[in-house]
Amino acid sequence: MSSETAIKPYDRHVFVCTGPRCAPDESEGVYKALKMRLEELGLYRKPELGPVKRSQCHCFGICEKGPLVVVYPEGVWYEQVSLEKLERIIQEHLIQGQPVSDYCFHAMNGKAE
Ligand code: FES
């Protein structure tokens with residue numbers, strides 16, 4: 030790889046759809062809460078430095094049952110993510126490495142295990 034843009038290694042990348050057809054008010058709250066909790070837990074310092082990166086996107090092309098959250102590298106898709114669900118995703122998926130199958134509606138490899 031030859032680039033002057035340096036990104037330190039990270040373990041997971043969490044995307045939150047904050048698009049207009051995807052529960053935008055709730056999605057913004059989930060996106061902000063994700064940052065706050067990652068900071069509190071020491072999992073997020075700056076997007077380019079922390080072991081968990083966080084990004085918002087405008088649309089995943091699903092546009093229903095938002096807030097939608099996708100976690101990579103597993104490619105696990107979560108729907109209707111409330112703040113309570115987000116906390117469980119953080120604890121079980123991001124920290125323990127076990128996707129929360131109760132909230133998952135799709136996974137890149139066909140299963141959320
Ligand atoms: S607006 Fe969220 S998936 Fe399209």
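Count along the sequence shown from 1, add 29, and you get the number used in the working numbering. Glycine included, each C-beta is placed from N, C-alpha and C at the ideal position.
**Message:** Alpha carbons only, please: which of V59, L123 and D40 is nearest the one belonging to G48?
**Reply:** Closest by alpha carbon: V59.
**Prompt:** Using the rule of at least 16 other Cβ atoms within 10 Å of the residue's Cβ for burial, across every protein chain shown, is P102 buried or exposed?
**Reply:** exposed
**Request:** Tell me whether P49 counts as near the ligand FES, meaning its Cβ is closer than 7 Å to at least one heavy atom of that ligand.
**Result:** yes
**Request:** Taking R117 as part of the alpha helix (DSSP H), name the residues at either end of that continuous run.
**Result:** L112 to R117
**Message:** Taking a contact to mean a Cβ-Cβ separation below 8 Å, would you say V99 touches H122 in this structure?
**Reply:** no
**Item:** Reduced DSSP secondary structure (H/G/I, E/B, other) of R17
**Value:** The structure shown does not extend to residue 17, since the chain is modelled only from 30 to 142, so the question has no answer here.
**Prompt:** Hey, out of E93, T34 and L97, whose CA is closest to C46's CA?
**Reply:** L97
**Message:** Assuming V43 and L70 are in contact, meaning their beta carbons sit under 8 Å apart, how far apart are those beta carbons, in whole angstroms?
**Reply:** No, V43 and L70 are not in contact; Cβ-Cβ is about 13 Å, not under 8 Å.
**Asked** Do you know whose CA, among L67, Y73 and S84, lies nearest S56's CA?
**Response** S84
**Asked** Closer than 7 Å: is that where the CB of G58 sits relative to any heavy atom of the ligand FES?
**Response** no
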